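Report on the following structure.
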Amino acid sequence: MTTITIAVTGSISAYKAADIISELGKLGHNVTVLMTESAQQFITPLTLQVLSKNPVHTSVMAEDRPDVVNHIALAKDTDLFLVAPATADTIARLAQGRANDIISAVALALPPTTKKMIAPAMNTAMYDNLLTQANIKTLKEIGFKEIEPRVALLACGDLGRGALATVADIVSAVQASLD
């Protein structure tokens, strides 16, 4: 069974993680969920726990077992690491190699052979910003694949590129990456 770790960050589209997790589970994958504090403002860990049938990890400092370093064990158990939605902040932290939350700490501890993907979701100006694009380029250079955002009417009212890819497109990209 493939273990997919999905990292949910603080975007309005965080609620779509529920459908992504559900669909990946239906395909027979074991889904582990990581959430930033801001993601928890949009969707609860309980919702994602019920759908994934696994505990949801929200803190890098939570060490439930004294014989296991949680973020290291999670990284070792991951076959594919997916950040969906991936905010500009999380993309920057991943590109800089930071480890100040559960998502960035697990990402930094991933074995080099682990498949890694990001599905950005943010305002068009933030996505097109040269800093964000440089961070995405850095992530691609170290093996991340990008599931590009869609052009749509965004939550802020702007029309442009930045909407999270569709659930079907994300699940399809994950499946293709595993084949």
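Residue 1 is where the sequence shown starts when you use the UniProt record's numbering, and the numbers rise one by one after that. Where a beta carbon is used, it is the ideal one built from N, C-alpha and C, also for glycine. Keep in mind it's a predicted model, so treat the numbers as computed, not measured.
Quick one: grab the DSSP three-state call for R65. Counting from 1 along the sequence shown, the entry for residue 65 is found at position 65. In the structure shown, R65 sits in coil (DSSP, three-state: anything other than H, G, I, E or B).
In or out: K137 buried (at least 16 other Cβ within 10 Å) or exposed? Position 137 of the sequence shown, counting from 1, holds the residue named residue 137. So K137 counts as exposed.
State the CB to CB distance for the pair T32 and S11, rounded to an integer number of angstroms; the pair is presumed to be in contact (CB under 8 Å). Numbered from its first residue, the sequence shown carries residue 32 at position 32. Numbered from its first residue, the sequence shown carries residue 11 at position 11. The C-beta distance from T32 to S11 rounds to 20 Å, too long to meet the 8 Å contact threshold.
Answer yes or no: do I21 and L48 have a C-beta to C-beta separation smaller than 9 Å? By 1-based counting over the sequence shown, the position of residue 21 is 21. By 1-based counting over the sequence shown, the position of residue 48 is 48. For I21 and L48, yes; Cβs fall inside 9 Å.
In three-state DSSP terms, what is T2? As a position in the sequence shown, residue 2 is number 2, starting the count at 1. T2: coil per DSSP, three-state reduction.
Coarse secondary structure for T90, derived from DSSP in three states: The residue given as residue 90 occupies position 90 in the sequence shown. Helix at T90.
Please check if any C-beta of chain B sits within less than 9 Å of the C-beta of Q40. Absent from the structure is chain B; it holds one protein chain and no more.
With a threshold of 16 other CB atoms inside 10 Å of the CB of P149, please say whether the residue is buried or exposed. Walking along the sequence shown from the start, residue 149 turns up at place 149. The residue is buried, with at least 16 neighbouring Cβ atoms inside 10 Å.
With a cut-off of 8 Å on the beta carbons, I'd call D161 and Y127 a contact; round off their distance for me. Locating residue 161 in the sequence shown gives position 161, where the first residue counts as 1. Locating residue 127 in the sequence shown gives position 127, where the first residue counts as 1. It should be pointed out that residue 161 corresponds to Arg in this sequence rather than to Asp. Taking C-beta atoms under 8 Å as the contact rule, R161 and Y127 qualify, at a distance of about 6 Å.
First through last residue of the alpha helix (DSSP H) which encompasses T132: Locating residue 132 in the sequence shown gives position 132, counting from the first residue. Residues L130 to E141.
Reducing DSSP to helix, strand and coil, say where A107 ends up. Translated into positions along the sequence shown, residue 107 becomes position 107. DSSP, read as helix, strand or coil, puts A107 in helix.
Can the beta-carbon of residue 180 be found closer than 9 Å to that of A121? Because the chain is modelled from 1 through 179, residue 180 falls outside the range shown and cannot be assessed.
How should E63 be labelled, buried or exposed, when 16 other C-beta atoms within 10 angstroms of its C-beta is the threshold for buried? Along the sequence shown, one-based indexing puts residue 63 at 63. Classification for E63: exposed.
Using C-beta distances below 8 Å, list every residue in its chain close to K16, excluding the 5 sequence neighbours before and after it, in chain order. Reading the sequence shown from its first residue, position 16 is the one you call residue 16. For K16, where only same-chain residues beyond five positions count, the Cβ hits under 8 Å are A84, P85, L164 and V167.
In DSSP terms, what N30 is bridged to: Position 30 of the sequence shown holds residue 30. In the DSSP output, where bridge partners are listed per residue, N30 has T3.
Compute the Euclidean distance between the alpha carbons of D67 and F81, then round it to the nearest angstrom. If you number the sequence shown from 1, residue 67 lands on position 67. If you number the sequence shown from 1, residue 81 lands on position 81. Straight-line Cα distance between these residues: approximately 24 Å.
Give me whichever residues DSSP pairs with I118 in a beta bridge. Position 118 of the sequence shown, counted from the first residue, corresponds to residue 118. In the DSSP assignment, I118 is bridged to V83 and E146.
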